[in-house]
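Enquirer: Residue numbers (the working numbering), protein chains in the order written: chain A, 1 to 344; chain B, 1001 to 1344. Even for Gly, the Cβ is constructed at its ideal location relative to N, Cα and C. One structure is given below, represented as structure tokens, and several questions about it will come after.
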DNA sequence: CTCGCATCTTGTAACGTTTCAATAGATTGC
DNA sequence: GCAATCTATTGAAACGTTACAAGATGCGAG
């Protein structure tokens, strides 16, 4: 366990100054160093296993080569929401992109009074990716720091924040309209409790758009809420069975919920799609691994992650402002029954 | 976008020295500061939104309050293996524990020539959690740095590294023996390509133990390999169908593979468990969300993550060496058919 | 022989924090 | 009334790096 070499040690070993050592190791193009010296320095660095300390660098140029990712967490346990595979798929893409661009990724949930703005400052984060919707106070605080921020899936209008989103409202429309095209007229909606903002709210608006367009009256009693989790949706199935208004189809605003709901329904003795048609949202890998495979609104989750990372790093490096909206489309699988055939 | 306040600014604002400011803000117990001064300092810090810079701290006390987590990645794309839900569940627990203990988490895959030892040095990681088995050169390098390392699921004997594991061999025995108890005599084994080490190798040994104990001859042709991924195992189903030696049961060394395999089989027209009984391993949340629900060897993935985080942080703070082996048990679900009844 | 100009190299300050040892001032003991 | 002790505060050094401005050295031209 030898003491870790500093640039001073390398300089001494190579017999040159610290400055020269730094120049060689950083390949500064505006300074000329003789090949001989450069060789000596590199050999010394190699021999001593020299690895520069980021913390020292950070102090000087205020850059940490660190990107932060803030992920929502489930209510009670303060764990990241990895029970929703969406987050894993997203984060995986972010990490990969970030690493390929020469940065590292710091991942954090948002504890009770953990404000990510101070994480950003404390760690001198170069940029930060925030998934989901959060209290505005911290966002304002973040804005004041001047760090590039990418908001993913947040419906926040502000010229400062970069955004990566999808058209959730249109997605909601797509899902609902698909059911309508398959002959369904009584269609339920299941999502997280509506709070007047956020992606589920938007998907709900899309649901209503489709209903309105088809001349179907909206029935408040067909709207159900559960947590964005498998088990909560599983349990909702029982409630649904009791209170059901005779719906033949349901649009569930997240695949993980759709799956829980479907399995909950099956536990109640129902068959899908025979007894109820279900359309999900996200096209999480789960959606095509279960039975029946879930018909859902596809979004490219990995691309979302890649874009978020690309935008934040581009912003760090050249300050370009970007807002991206990724495409959405229905992928037809087996959880919807076509009931138009019955009428012929 | 005001300039960020440093401790100097706080000191000036409070009208005291930098040293005093530092003492107040760090609540040093061995130095006495008058209440009045302390109040002034805190007010100033508050007013200026002062957040200490970790990088400066790190330079002094060589502690970064940062824990690293190294996750394997799928072969070609250099993405983290989040298509296997195991990693998400694990990481979520790690992140939570780490955060609650006042640290942050840096997550990284292992790029082609990305050695995690230099990440550790560059970032002054206080500790590092490594999931899976890796080339030893980097581990040796890491050992030389003196940083606490927790190896999770790695079969490496070394007094330096802390470990968190399960008894994979016993797990393999449990799975196979369960099939034997249900009357199966011809039992296949599916895992990642065996490399002579690693968890799948151990699970394979357990498989052979159970076979041997029951007096069943081992048949090399009943061993199949696929990547640890859904799709690879899905595809394997076709090969299996062609080359099958009349097995009535199969032990698949990972749930994600088991699920892919089951669905692949179904795509080939087979029914599970009627045509083949399947036992998985891990008890990933997926295992109970699919159809049939998979009978599998349960391990507490979140506990694994929590323990890994706890051990590494304890090692940082008081240097205790620990090796933990978590328990394993079979959870019976619907992917195994009891064929003993037929004989009665 | 000296000036000017490349080419290569270096000393030093700075980044923001903690910590050691030292100081000043007040209080006590004799 | 002076030393000893305690309390509250501080100056300066150190951590490892980069970047600025300045210093050598060599060479060709006048």
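With 7 Å as the limit, tell me which residues of the segment 1238-1267 of chain B have their beta carbon closer than that to any beta carbon of chain A; keep them in chain order.
Expert: Of all residues in the segment 1238-1267 of chain B, 1259, 1263 have a Cβ within less than 7 Å of some Cβ in chain A.
Enquirer: What residues in the segment 1092-1119 of chain B have a beta carbon less than 8 Å from any beta carbon of chain A?
Expert: So the close ones are 1092, 1093, 1095, 1096, 1099, 1100, 1104, 1105, 1106, 1107, 1108, 1109, 1111, 1114, 1118, 1119.
Enquirer: Tell me which residue opens and which closes the beta strand (DSSP E) that residue 1190(B) is part of.
Expert: Its beta strand (DSSP E) spans residues 1187-1191.
Enquirer: List, in order along the chain, the chain B residues whose C-beta lies closer than 8 Å to that of residue 296(A)?
Expert: Within chain B, no residue comes near residue 296(A); the closest Cβ sits about 15 Å away, beyond 8 Å.
Enquirer: Give the interface partners of residue 971(B) over in chain A, defined as CB-CB distance under 7 Å, in chain order.
Expert: Residue 971(B) falls outside the range modelled here, since chain B spans only 1001 to 1344, and no answer is possible.
Enquirer: Per DSSP, residue 249(A) is paired with what?
Expert: BP columns for residue 249(A) point to 187(A), 277(A).
Enquirer: Should residue 1247(B) and residue 1187(B) be called a contact, given that it needs their Cβ atoms to be closer than 8 Å?
Expert: Yes, they are a contact pair.
Enquirer: Report the residue from 1009(B), 1050(B), 1065(B), 1016(B) whose alpha carbon sits nearest the alpha carbon of residue 1314(B).
Expert: The option with the nearest alpha carbon to residue 1314(B) is 1065(B).
Enquirer: For residue 1068(B), which three-state DSSP category applies?
Expert: Residue state, collapsed to three classes: strand.
Enquirer: Please confirm whether residue 161(A) and residue 282(A) have their CB atoms less than 8 Å apart.
Expert: No, these two residues do not count as a Cβ contact at 8 Å.
Enquirer: Given that a residue counts as buried once 16 or more other Cβ atoms are within 10 Å of its Cβ, and exposed if not, what is residue 195(A)?
Expert: Label assigned to residue 195(A): exposed.
Enquirer: At the 8 Å Cβ level, is residue 335(A) part of the contact set with chain B, yes or no?
Expert: Answer no: the Cβ-Cβ gap between residue 335(A) and chain B never drops below 8 Å.
Enquirer: Is the shortest distance between the beta-carbon of residue 21(A) and the beta-carbons of chain B less than 8 Å?
Expert: No - not a single Cβ of chain B is within 8 Å of the one on residue 21(A).
Enquirer: Excluding the five sequence neighbours on either side, which residues of its own chain have a C-beta within less than 6 Å of the C-beta of residue 1264(B), listed in chain order?
Expert: If we look at residue 1264(B) and ignore the five residues flanking it on each side, its Cβ neighbours are 1234, 1237.
Enquirer: Along chain B, in chain order, which residues have C-beta atoms closer than 8 Å to that of residue 6(A)?
Expert: In chain order: nothing, as chain B lies at least about 11 Å away.
Enquirer: Suppose you measure from the CA of residue 51(A) to the CA of residue 1274(B); what does that come to, to the nearest Å?
Expert: Cα to Cα, the separation comes out at about 58 Å.
Enquirer: Would residue 48(A) pass as an interface residue toward chain B - the criterion being a Cβ-Cβ separation below 8 Å?
Expert: Chain B contact via Cβ: absent.
Enquirer: Which parts of the segment 1203-1266 of chain B are runs of the alpha helix (DSSP H), unbroken and 4 residues or longer, counting only runs that do not cross its ends?
Expert: Here the runs fully enclosed are 1230-1243.
Enquirer: Going by DSSP in three states, residue 269(A) sits in which element: helix, strand or coil?
Expert: Correct three-state label for residue 269(A): coil.
Enquirer: Is there a C-beta anywhere in chain B that falls below 8 Å from the one on residue 352(A)?
Expert: Look at the range of chain A in this structure, 1 to 344, and you will see that residue 352(A) is not part of it.
Enquirer: Starting from the beta carbon of residue 286(A), find every residue of chain B whose beta carbon is closer than 9 Å, and list them in chain order.
Expert: In chain order: 1085, 1286, 1289, 1290.
Enquirer: Indicate the three-state DSSP secondary structure (helix, strand or coil) for residue 166(A) in the structure shown.
Expert: Reduced to three states, the DSSP call for residue 166(A) is strand.
Enquirer: Thinking residue 1260(B) and residue 1230(B) are a contact (beta carbons under 8 Å), I'd like their distance in whole angstroms, please.
Expert: Indeed, because the Cβ distance is near 4 Å, the residues count as touching under 8 Å.
Enquirer: Can you list, in chain order, the residues of its chain whose CB lies under 8 Å from that of residue 142(A), leaving out five sequence neighbours each side?
Expert: Cβ neighbours of residue 142(A) beyond the five flanking positions: 116, 117, 120, 128, 149.
Enquirer: Measuring CA to CA, which of 298(A), 97(A), 209(A) is closest to residue 311(A)?
Expert: Considering only alpha carbons, the answer is 97(A).
Enquirer: Can we count residue 1189(B) as close to the ligand FMN, meaning its CB is less than 7 Å from some heavy atom?
Expert: By its list of ligands, the structure shown contains no ligand whatsoever, and the ligand FMN lies outside what it can speak to.
Enquirer: If I follow the unbroken beta strand (DSSP E) through residue 1295(B), where does it start and stop?
Expert: Counting along the chain, the beta strand (DSSP E) containing residue 1295(B) begins and ends at 1295-1298.
Enquirer: Residue 48(A): which of 3(A), 279(A), 59(A) sits nearest, CA to CA?
Expert: Checking every option, the nearest Cα to that of residue 48(A) belongs to 3(A).
Enquirer: Given a cut-off of 8 Å on the beta-carbon distance, is the pair residue 284(A) and residue 256(A) in contact?
Expert: A contact, by the Cβ cut-off of 8 Å.
Enquirer: Name the chain A residues whose beta carbon is nearer than 9 Å to that of residue 950(B)?
Expert: Residue numbering for chain B in the displayed model covers 1001 to 1344; residue 950(B) lies beyond these limits and cannot be assessed.
Enquirer: Determine, for residue 1088(B), whether the minimum Cβ-Cβ distance to residues of chain A falls below 8 Å.
Expert: It does; some Cβ of chain A falls within 8 Å.
Enquirer: Let me know the secondary structure DSSP gives residue 1159(B) once reduced to three states.
Expert: The answer is coil: DSSP assigns residue 1159(B) none of H, G, I, E or B.
Enquirer: For the segment 192-206 of chain A and the segment 33-48 of chain A, state whether three or more C-beta atom pairs, one from each stretch, are separated by less than 8 Å.
Expert: No: the two stretches stay apart, fewer than three of their Cβ pairs being nearer than 8 Å.
Enquirer: Per DSSP, residue 1107(B) forms a beta bridge with which residues?
Expert: Looking at the DSSP assignment, residue 1107(B) forms a beta bridge with 105(A), 1069(B).
Enquirer: With DSSP as the reference, identify every bridge partner of residue 329(A), one or two as the case may be.
Expert: DSSP, once it has assigned bridges, lists 298(A) as partnering residue 329(A).
Enquirer: In angstroms, rounded to a whole number, what distance separates the CA positions of residue 289(A) and residue 1276(B)?
Expert: The straight-line gap from Cα to Cα measures roughly 18 Å.
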